[in-house]
Every structure is written in C-alpha cells, then in structure tokens.
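Below: one structure, written as structure tokens.
Residue numbers (the working numbering): 470 to 704.
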C-alpha cells in the first residue's frame, strides 16, 4: 500500500500531518490568497499604528499582522459593526432638517470643561507626525454629537496671533468649548489618515489628525480656552 501519497501525509516526516498542522496550512493559504485579492490600502478601517501593529478603526481592535486583521474582518463582530454603520448612515441621510420654531437662541447651562487625553504619534512608514485626541463627554446631551473646527491664529482673540500655530476647537453640549494649539501645517485628510468617531456608549469622542510633512518644531498639545464668540463648527 502506498502510504507516502495518502491524504494528509507530510513528505520526509514518516507520518501523517496532524489536524492542527493541516488547519494551520489552510489558514496560511487563505491568508496569502486574501492578501493577493484584497487591497488593504482601500479599507477605510485598516490602520497601522506607531507601534507597528494593526488596528480596526471600526471595532477598535488590535492585530499583530495583516492576516489577523483579514480574519477579523470576516468575523461576527466586524460584520455586525459594518451593518450598524451602514444603518446609521442610511438614517442620517434620510433625516430632514426641522424648521426652527423657537422664539430665540437656545441657552444651555455649561457644566465645565471635559476630560481629555492627547497622544503624539508618528506613522512608521511615512514618518508623518500625528495627534490622537480622546475627549470624554460623560454628561453629553442626548442626540448631540461632538463637533470640531480648525481655526487660524488670526481668528482667535485669546492669544497674540502666531502664524506658526492653528487651533483645533471641540464642542459638545453642555460642556464648554475647548481648543488645542497645534502646528500650522496642512492637515492630511485622506481616508486612512483623518479619522473621527463618537462612542455613544462610552461617551468618548476620538479624533486622529495627521500633518503633511514640513519642517516645524515639536508638536505642542496644550489646551486653550476658546473665545466667547459664535463659532461655525462642522462635524
């Protein structure tokens, strides 16, 4: 009987391959096939962080390699989150603006400034500098989503204008508007670089900003109080 050519036999080992080895080989073949057919650079949720690992921006999960990320995208959690995102975008597209029937501008009692965390990052491939903002709004009003706006140094009235800097303003009712002083560099708004999300359950707003390369000083990230003027924010 020809044992050498039997299914599952590994040449040179003298015995059949184990189920674990067969499964491992199958996963590796599927991973290589997926990498050949799927362009991860076009995946809006795929990101490589400053530590060299990979992240799913939709599910906020970490992965050690591209194969692990691809396996995650076929999993139940990722598919559910994709369906939720599509449903939300469909709802947002069908919502029509309601006429303003109030007698005057709505007044909200401010409850102070939100907590925040700012992390300096650098893309390991392009060496682009970036800032990751995480703002906590535990008392955010129902159906309110944080908004942001970039302001030039000449629009603000708090500090003497300095052309080296611009300001990132963040607002969410009923909190005070806060501003971060950042380098006056062009913002990279490509799909894989510019990212923001609002976690309704945790009440945390996350925003990642990459700067296009230019010779500038180190990235400062000290928050500044916004001026008491009406600001036209965009989401």
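Cβ coordinates follow ideal geometry from the N, Cα and C atoms, glycine included.
Here the structure is a predicted model, which is why all the values come from computation and not from measurement.
Determine which residues share a DSSP beta bridge with residue i and list them.
{"i": "residue 676", "result": "602, 665"}
{"i": "residue 650", "result": "636"}
{"i": "residue 619", "result": "637"}
{"i": "residue 657", "result": "679"}
{"i": "residue 591", "result": "598"}
{"i": "residue 586", "result": "603"}
Taking the beta carbon of residue i as the centre, do at least 16 other beta carbons fall within 10 Å, making it buried, or is it exposed?
{"i": "residue 638", "result": "buried"}
{"i": "residue 598", "result": "buried"}
{"i": "residue 625", "result": "buried"}
{"i": "residue 609", "result": "buried"}
{"i": "residue 615", "result": "buried"}
{"i": "residue 673", "result": "buried"}
{"i": "residue 549", "result": "exposed"}
{"i": "residue 487", "result": "exposed"}
{"i": "residue 627", "result": "exposed"}
{"i": "residue 640", "result": "buried"}
{"i": "residue 701", "result": "The predicted model places residue 701 with a pLDDT of 35, which falls under 50 and marks its position as unreliable, so this point remains unresolved."}
{"i": "residue 604", "result": "buried"}
Looking at C-alpha atoms only, which residue of the options is the closest neighbour of residue i?
{"i": "residue 518", "options": "585, 507, 530", "result": "530"}
{"i": "residue 644", "options": "524, 582, 673, 654", "result": "582"}
{"i": "residue 667", "options": "628, 678, 635, 606", "result": "606"}
{"i": "residue 520", "options": "676, 533, 603, 545", "result": "533"}
{"i": "residue 553", "options": "669, 676, 681, 494", "result": "669"}
{"i": "residue 659", "options": "515, 498, 636", "result": "515"}
{"i": "residue 539", "options": "510, 677, 633", "result": "510"}
{"i": "residue 594", "options": "662, 654, 545", "result": "662"}
Which ranges does the alpha helix (DSSP H) cover as unbroken runs of at least 4 residues, wholly within the segment 505-567, from first to last along the chain? The segment 505-567 contains these whole alpha helix (DSSP H) runs: 535-542, 545-563.
The segment 613-632 / the segment 647-666 touching (three or more Cβ pairs under 8 Å): yes
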